[in-house]
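K.L.:
Input: one structure, supplied below.
Residue numbers (the working numbering), protein chains in the order written: chain A, 1 to 244; chain B, 245 to 550.
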């Protein structure tokens with residue numbers, strides 16, 4: 001536990017030691033603002049909810065979360081510091097979890113900084129704050145799932161750009177798996193059971209539940225299993241590099 | 245402290261380390277020599293638990309590196325090749341991180357950091373980020389990290405690589421000093437370091453140990469060992485040839501012994517011959533043998549490999 005904390009602390013400090021953290025936070029807040037108020041037509045909707053805010057998160061995270069996570073392991077491998085890290089008295093799991101949690105915490109901080117939008121909607125009307133809380137939780141879960149996928153792709157390569165692109169593609173699949181154009185394509189050659197299975201992997205359907213203010217354990221479980229699976233895969237990939 | 249039995253490492257179809265066995269006890273400094281790509285770093289990575297061995301066993305302080313890695317890793321201080329360290333951290337925060345990862349906290353951590361900053365002469369750069377440091381400082385920062393918990397076992401992969409001659413000298417002295425109370429393995433391809441710091445050297449080539457022994461023993465394997473070099477007015481090749489094979493090199497003669505055992509006898513014979521013939525001796529030296537010659541003879545350069 002202590003080792004995870006120390007690794008996470010170092011990683012988090014690393015974000016703020018470079019411009020990465022500030023650039024990311026500013027861009028994230030600008031984009032959420034733009035999508036919510038301009039593209040999401042927050043005021044024109046005339047309803048006291050944050051649907052316009054949360055609705056964009058799967059797409060916004062598609063680009064921003066891989067940007068946060070792409071360096072996690074690829075940079076360690078490129079700089080050779082992975083050798084230092086994994087010869088310290090820690091298990092690979094502690095290192096993987098520590099790094100993941102640091103980035104997740106950073107994304108949580110970015111989410112917390114969107115609080116003015118909650119204030120705005122509370123000043124203007126009487127929203128269901130429980131639903132807003134559920135929305136934030138769902139958004140954090142979604143970010144965690146994308147981040148875990150990025151951890152995995154980051155472990156695959158020394159090149160951050162490759163890790164970024166792979167991660168965007170996989171996350172895009174996680175979004176599109178439940179989209180009609182994609183399911184229509186699948187129906188042509190796969191059985192309905194397969195199509196349903198693929199659709200069940202879509203983050204959109206699971207994220208929608210949170211947005212409506214429903215805390216369904218199945219949705220929580222879905223995101224936690226994506227995170228668990230991707231981090232497990234990270235461990236397997238890292239061990240694979242060393243086993244030769 | 246370190247026991248290595250029949251260590252093997254395969255990468256795909258390539259065998260990088262092929263049946264290496266040796267032990268290192270406390271109080272020993274073992275130099276690990278070999279051409280580039282001979283398996284030095286791979287062996288060290290297996291000792292430190294970074295690479296799992298394909299076959300064979302490594303135990304450190306009685307702990308099997310594969311079965312109880314945490315216990316083994318606690319005993320080891322490791323300087324990886326190229327001294328990799330986190331470039332965006334300051335020297336101080338990097339060393340604090342290393343100390344905390346080794347379970348040191350609070351006052352004990354601060355003391356440990358201050359101690360290695362002293363040992364590795366880092367006091368002038370503690371607040372600089374590592375990517376702004378010169379290669380020598382980077383190297384010493386990483387070395388400091390390896391020493392932070394005062395480990396019983398030190399594994400140093402090319403500890404003097406990239407240092408200037410003064411720094412090299414300092415690091416060698418440090419290694420020799422540390423070797424009195426610890427088990428130290430360090431790899432190098434600088435042969436003079438073997439003399440300067442090692443109590444024993446192991447030469448590895450293409451994944452196999454090809455020679456090992458004290459520096460003196462290794463030097464004795466040289467063709468040159470026991471030869472007598474003589475510079476004297478009046479000396480001639482013909483007269484010397486009676487004693488052994490003679491080679492002429494810029495103004496002096498080098499006589500090789502007929503058999504390896506009789507080097508003292510050969511020196512005496514040369515001196516007696518010079519006295520008898522009335523040569524005026526200007527220089528006379530019994531050769532100890534040269535490590536680089538031994539090294540070249542028993543390892544194959546990678547330029548001729550298939």
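Where is the CB? At the ideal position from N, CA and C, for every residue including glycine.
Who are the near neighbours of residue 386 (chain B) in its chain, counting only those whose CB is closer than 6 Å to its CB and skipping five residues on each side?
P.N.:
Residue numbering aside, residue 386 (chain B) sits at position 142 when the second chain is read from its first letter. Taken in chain order, the residues that qualify are 323, 327 and 329.
K.L.:
From residue 32 (chain A) to residue 135 (chain A), what distance separates their C-alpha atoms?
P.N.:
Walking along the first chain from the start, residue 32 (chain A) turns up at place 32. Walking along the first chain from the start, residue 135 (chain A) turns up at place 135. Going by the C-alpha atoms only, they are around 14 Å apart.
K.L.:
Would you please verify whether the beta carbon of residue 237 (chain A) is less than 9 Å from any beta carbon of chain B?
P.N.:
For the purposes of this step, residue 237 (chain A) is identified with residue 237 of the first chain, where counting begins at 1. Answer no: the Cβ-Cβ gap between residue 237 (chain A) and chain B never drops below 9 Å.
K.L.:
Use the C-beta contact count for residue 413 (chain B): other C-beta atoms within 10 angstroms, 16 or more gives buried, fewer gives exposed.
P.N.:
In the second chain, residue 413 (chain B) corresponds to position 169, counting from 1. By the neighbour-count rule (16 or more Cβ atoms within 10 Å), residue 413 (chain B) is not buried but exposed.
K.L.:
Comparing the C-beta of residue 23 (chain A) with each C-beta of chain B, is any distance below 9 Å?
P.N.:
Taking the first residue of the first chain as position 1, residue 23 (chain A) is located at position 23. With 9 Å as the cut-off, residue 23 (chain A) does not count as an interface residue toward chain B.
K.L.:
To the nearest angstrom, how far is the alpha carbon of residue 366 (chain B) from that of residue 381 (chain B)?
P.N.:
For the purposes of this step, residue 366 (chain B) is identified with residue 122 of the second chain, where counting begins at 1. For the purposes of this step, residue 381 (chain B) is identified with residue 137 of the second chain, where counting begins at 1. Those two C-alpha atoms are separated by around 7 Å.
K.L.:
Using CA coordinates, which residue listed in A:6, A:150 and A:50 is at the minimum distance from residue 133 (chain A)?
P.N.:
Counted from its first residue, the first chain places residue 133 (chain A) at position 133. The shortest Cα separation from residue 133 (chain A) among A:6, A:150 and A:50 belongs to A:50.
K.L.:
Is it buried or exposed, residue 82 (chain A), if we count other Cβ atoms within 10 angstroms and call 16 or more buried?
P.N.:
Position 82 of the first chain holds residue 82 (chain A). The residue is buried, with at least 16 neighbouring Cβ atoms inside 10 Å.
K.L.:
Hey, out of A:86, A:236, A:79 and A:209, whose CA is closest to residue 54 (chain A)'s CA?
P.N.:
Numbered from 1 along the first chain, position 54 holds the residue referred to as residue 54 (chain A). Comparing Cα-Cα distances from residue 54 (chain A) to each of A:86, A:236, A:79 and A:209, the minimum goes to A:209.
K.L.:
Relative to chain A, which residues along the stretch 317-349 of chain B have a C-beta separation below 8 Å, given in chain order?
P.N.:
Those residues of the stretch 317-349 of chain B that come within reach of chain A (Cβ to Cβ, closer than 8 Å) are 317, 318, 320, 322, 324, 325, 326, 328, 329, 330, 331, 332, 333, 337, 341, 342, 344, 345, 346 and 347.
K.L.:
Please go through the same chain and pick out, in chain order, the residues whose beta-carbon is closer than 8 Å to the beta-carbon of residue 239 (chain B), but skip the five residues on each side of it.
P.N.:
Outside the shown range of chain B, which is 245 to 550, sits residue 239 (chain B), and nothing can be said about it.
K.L.:
For the beta strand (DSSP E) that residue 473 (chain B) lies in, which residues bound it at each end?
P.N.:
One-based indexing of the second chain puts residue 473 (chain B) at position 229. Note, residue 473 (chain B): beta strand (DSSP E), 472-477.
K.L.:
Residue 292 (chain B) touches chain A at which residues, Cβ-Cβ below 7 Å?
P.N.:
Mapped onto the second chain, residue 292 (chain B) falls at position 48. Result: 87.
K.L.:
Going by the CB atoms, is the gap between residue 153 (chain A) and residue 162 (chain A) shorter than 9 Å?
P.N.:
Locating residue 162 (chain A) in the first chain gives position 162, counting from the first residue. Locating residue 153 (chain A) in the first chain gives position 153, counting from the first residue. Yes, these two residues count as a Cβ contact at 9 Å.
K.L.:
Thinking C-alpha only, which one of B:519, B:442 and B:359 is nearest residue 343 (chain B)?
P.N.:
Reading the second chain from its first residue, position 99 is the one you call residue 343 (chain B). Among B:519, B:442 and B:359, the Cα nearest to that of residue 343 (chain B) belongs to B:359.
K.L.:
What residue from B:304, B:283 and B:306 has the CA that sits closest to residue 261 (chain B)'s CA?
P.N.:
Position 17 of the second chain, counting from 1, holds the residue named residue 261 (chain B). Among B:304, B:283 and B:306, the Cα nearest to that of residue 261 (chain B) belongs to B:283.
K.L.:
Distance check for residue 451 (chain B) and residue 550 (chain B), CA to CA, integer angstroms please.
P.N.:
Mapped onto the second chain, residue 550 (chain B) falls at position 306. Mapped onto the second chain, residue 451 (chain B) falls at position 207. In this predicted model, residue 550 (chain B) has a pLDDT of only 47, less than 50, meaning its place in the structure is not dependable; the value taken from the coordinates is given anyway. Computed Cα separation, rounded: 16 Å.
K.L.:
Please work out which residues of its chain come closer than 6 Å, Cβ to Cβ, to residue 226 (chain A), disregarding the five sequence neighbours upstream and downstream, and give them in chain order.
P.N.:
Counting from one through the first chain, the residue named residue 226 (chain A) turns up at place 226. Taken in chain order, the residues that qualify are 145.
K.L.:
Could you give the first and the last residue of the continuous alpha helix (DSSP H) run that contains residue 232 (chain A)?
P.N.:
In the first chain, counting from the first residue as 1, residue 232 (chain A) sits at position 232. Unbroken alpha helix (DSSP H) run through residue 232 (chain A): 217-243.
K.L.:
Per DSSP, which one or two residues make a beta bridge with residue 277 (chain B)?
P.N.:
Reading the second chain from its first residue, position 33 is the one you call residue 277 (chain B). According to DSSP, which records beta bridges pairwise, residue 277 (chain B) is partnered with B:432 and B:447.
K.L.:
Measure how close the beta-carbons of residue 499 (chain B) and residue 471 (chain B) come, nearest whole angstrom, since I'm counting them as under 8 Å.
P.N.:
Locating residue 499 (chain B) in the second chain gives position 255, counting from the first residue. Locating residue 471 (chain B) in the second chain gives position 227, counting from the first residue. With 8 Å as the limit, residue 499 (chain B) and residue 471 (chain B) qualify as a contact, their Cβ atoms being about 6 Å apart.
K.L.:
Just checking, does the stretch 390-401 of chain B make contact with the stretch 228-239 of chain A on the three C-beta pairs under 8 Å criterion?
P.N.:
As far as the Cβ criterion goes, the stretch 390-401 of chain B does not touch the stretch 228-239 of chain A, which means the pair count is below three.
K.L.:
Mind checking whether residue 143 (chain A) and residue 104 (chain A) have CB atoms under 9 Å apart?
P.N.:
As a first step, residue 143 (chain A) must be located in the first chain, where it is residue number 143. As a first step, residue 104 (chain A) must be located in the first chain, where it is residue number 104. In contact: residue 143 (chain A) and residue 104 (chain A) (Cβ atoms closer than 9 Å).
K.L.:
Would you call the stretch 210-221 of chain A and the stretch 168-187 of chain A in contact, with 3 or more CB pairs under 8 Å?
P.N.:
No, the stretch 210-221 of chain A is not in contact with the stretch 168-187 of chain A.
K.L.:
Counting along the chain, where does the beta strand (DSSP E) carrying residue 425 (chain B) start and finish?
P.N.:
As a working mapping, residue 425 (chain B) is identified with position 181 in the second chain. No beta strand (DSSP E) contains residue 425 (chain B), which DSSP labels as neither H nor E.
K.L.:
Given that residue 252 (chain A) touches chain B, what residues does it touch there, using C-beta distances under 9 Å?
P.N.:
There is simply no residue 252 (chain A) to check, as chain A begins at 1 and stops at 244 in what is shown.
K.L.:
When the Cα atoms are used, what is the spatial distance from residue 508 (chain B) to residue 397 (chain B)?
P.N.:
Numbered from its first residue, the second chain carries residue 508 (chain B) at position 264. Numbered from its first residue, the second chain carries residue 397 (chain B) at position 153. Using only the alpha carbons, I get a separation of about 40 Å.
K.L.:
Going by DSSP in three states, residue 549 (chain B) sits in which element: helix, strand or coil?
P.N.:
Within the second chain, the letter at position 305 stands for residue 549 (chain B). In this prediction, residue 549 (chain B) scores a pLDDT of 48, lower than 50, which makes its location untrustworthy; the coordinate-derived value is nonetheless stated afterwards. The answer is coil: DSSP assigns residue 549 (chain B) none of H, G, I, E or B.
K.L.:
What does residue 299 (chain B) pair with, by DSSP beta-bridge criteria?
P.N.:
Counting from one through the second chain, the residue named residue 299 (chain B) turns up at place 55. Residue 299 (chain B) pairs with B:252.
K.L.:
Look at residue 419 (chain B) and residue 388 (chain B) and say whether their C-beta atoms are less than 9 Å apart.
P.N.:
Position 175 of the second chain, counting from 1, holds the residue named residue 419 (chain B). Position 144 of the second chain, counting from 1, holds the residue named residue 388 (chain B). No, Cβ-Cβ distance for residue 419 (chain B) and residue 388 (chain B) is not below 9 Å.
K.L.:
Helix, strand or coil, according to DSSP, for residue 392 (chain B) in the structure here?
P.N.:
Looking up residue 392 (chain B) in the second chain gives position 148. In this structure, residue 392 (chain B) counts as coil in the three-state DSSP scheme.
K.L.:
Taking the C-alpha atoms as reference points, what is the distance between residue 423 (chain B) and residue 109 (chain A)?
P.N.:
Here residue 423 (chain B) corresponds to residue number 179 of the second chain, with the count starting at 1. Here residue 109 (chain A) corresponds to residue number 109 of the first chain, with the count starting at 1. If you take the alpha carbons of residue 423 (chain B) and residue 109 (chain A), they lie about 48 Å apart.
K.L.:
Please state the DSSP three-state secondary structure of residue 365 (chain B).
P.N.:
The sequence position of residue 365 (chain B) within the second chain is 121, counting from 1. DSSP places residue 365 (chain B) in coil when its eight states are reduced to three.
K.L.:
DSSP state of residue 53 (chain A), grouped into three classes?
P.N.:
Looking up residue 53 (chain A) in the first chain gives position 53. Note: residue 53 (chain A) maps to helix in three-state DSSP.
K.L.:
Residue 521 (chain B) and residue 478 (chain B) - do their beta-carbons sit closer together than 9 Å?
P.N.:
Stepping through the second chain from its first residue, residue 478 (chain B) is reached at position 234. Stepping through the second chain from its first residue, residue 521 (chain B) is reached at position 277. Their beta carbons are under 9 Å apart, which means residue 478 (chain B) touches residue 521 (chain B) by this criterion.
K.L.:
Scan the stretch 372-404 of chain B for residues whose Cβ lies nearer than 7 Å to a Cβ of chain A and list them as they occur along the chain.
P.N.:
From the stretch 372-404 of chain B, no residue has a Cβ closer than 7 Å to chain A.
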